[in-house]
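Chemist: Residue numbers are given in the working numbering: position 150 of the sequence shown equals residue 204, and the series is strictly consecutive.
Just so you know, even glycine gets a beta-carbon here, dropped at the ideal spot from N, CA and C.
Just so it is clear, the structure is predicted and the values come from calculations on it, not from any experiment.
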Amino acid sequence: MADRLTFSASVQVRAAAADAFALVSDLRRKARLNPNIEVIRVELLGEEPVREGSMFAHRFRKGPRIVEYRSRCVRFEPPRLFVSLGETDPPFEVRVTVEPTPAGCRLTQEETVEATPALLDALDPAPAGGTGLGEMMRWLSLFPGGRRLGTELGAHQRERVARRLSEELRQWLEAIRQHLEPGGACGQDRGDT
55 MADRLTFSAS
65 VQVRAAAADA
75 FALVSDLRRK
85 ARLNPNIEVI
95 RVELLGEEPV
105 REGSMFAHRF
115 RKGPRIVEYR
125 SRCVRFEPPR
135 LFVSLGETDP
145 PFEVRVTVEP
155 TPAGCRLTQE
165 ETVEATPALL
175 DALDPAPAGG
185 TGLGEMMRWL
195 SLFPGGRRLG
205 TELGAHQRER
215 VARRLSEELR
225 QWLEAIRQHL
235 EPGGACGQDR
245 GDT
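Put into structure tokens, the structure is as follows:
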């Protein structure tokens, strides 16, 4: 079994926890605030309101790639916890917590996925014409001592991917914060429905 890759980010928001939860639990609205992707479609499959068991279909562009998958809400505890499971190979879990604070709320998102060599190579591709780490690790396993080197290289790749994904997540939460706070776009018609 491959190692788990977990990354997270947190932001303090000057808005009511219920308002923050309403936004982050509606993946249609939340996705449109992600500055790292171009949303093509995020759709609730089924009836309103969003609740445990709700399914979403996601389609977006990230760089040159089109990404498409479904996710299911597996825990829904307003206004503090929303957990979804991406129906991908390997599956990934997104856990969003909203904690009330004297100034508003603290919004934290943590994502966990099985860090397979294929996934890491997709998230951290080799330069054009280069060999991905997954392929390199297969070759290294043929030589004495190569397995240890492959393990070390894999750990470095996981750390690099986790740092990049954490930074992208931080940017997304910052966009959500700006949207929710006074003077932000919250409440304006942004096509969020």
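From Thr247 to Gly100, what does the alpha carbon distance come to, in whole angstroms?
Modeler: The pLDDT assigned to Thr247 is 38, lower than 50, so where the model puts this residue is not dependable; a value taken from the coordinates is nonetheless given after this. Cα to Cα, Thr247 sits roughly 14 Å from Gly100.
Chemist: Is the beta carbon of Val65 closer than 7 Å to that of Leu161?
Modeler: Yes. Within cutoff.
Chemist: Cα separation between Arg217 and Arg224?
Modeler: Rounded to whole angstroms, Arg217 to Arg224 spans 10 Å at the Cα level.
Chemist: When you compare the CB positions of Val152 and Ala76, do they come within less than 7 Å of one another, or not?
Modeler: No, Cβ-Cβ distance for Val152 and Ala76 is not below 7 Å.
Chemist: DSSP three-state label for Pro103, please.
Modeler: In the structure shown, Pro103 sits in coil (DSSP, three-state: anything other than H, G, I, E or B).
Chemist: Identify which residue in Ser125, Glu206, Ala85 has its Cα closest to the Cα of Lys116.
Modeler: Checked all of Ser125, Glu206, Ala85; the closest Cα to Lys116 is Ala85.
Chemist: Below 7 Å between beta carbons: does that hold for Val96 and Arg119?
Modeler: Not closer than 7 Å, so no.
Chemist: Suppose the cutoff is 7 Å on Cβ atoms and the five residues either side in sequence are ignored; what does the same chain contact list for Asp139 look like?
Modeler: In the sequence on display, residue 139 carries Leu and not Asp. Counting only Cβ-Cβ distances below 7 Å, and skipping sequence neighbours, we find Ser125, Arg126, Val128, Pro145, Glu147.
Chemist: Please list the terminal residues of the continuous alpha helix (DSSP H) segment that includes Ala85.
Modeler: Taken as a continuous stretch (DSSP letters only), the alpha helix (DSSP H) holding Ala85 covers 81-85.
Chemist: In the DSSP assignment, the alpha helix (DSSP H) including Ala111 goes from what residue to what residue?
Modeler: Where Ala111 is concerned, there is no enclosing alpha helix (DSSP H), although the beta strand (DSSP E) it sits in stretches over 109-116.
Chemist: I'd like to know if Arg119 contacts chain D, where contact means its C-beta is closer than 7 Å to some C-beta of that chain.
Modeler: The chain inventory of the structure shown lacks chain D, comprising one protein chain alone.
Chemist: Going by alpha carbons, who is nearest to Glu235 out of Ala72, Ser62, Phe61, Asp57?
Modeler: Answer by Cα proximity: Ala72.
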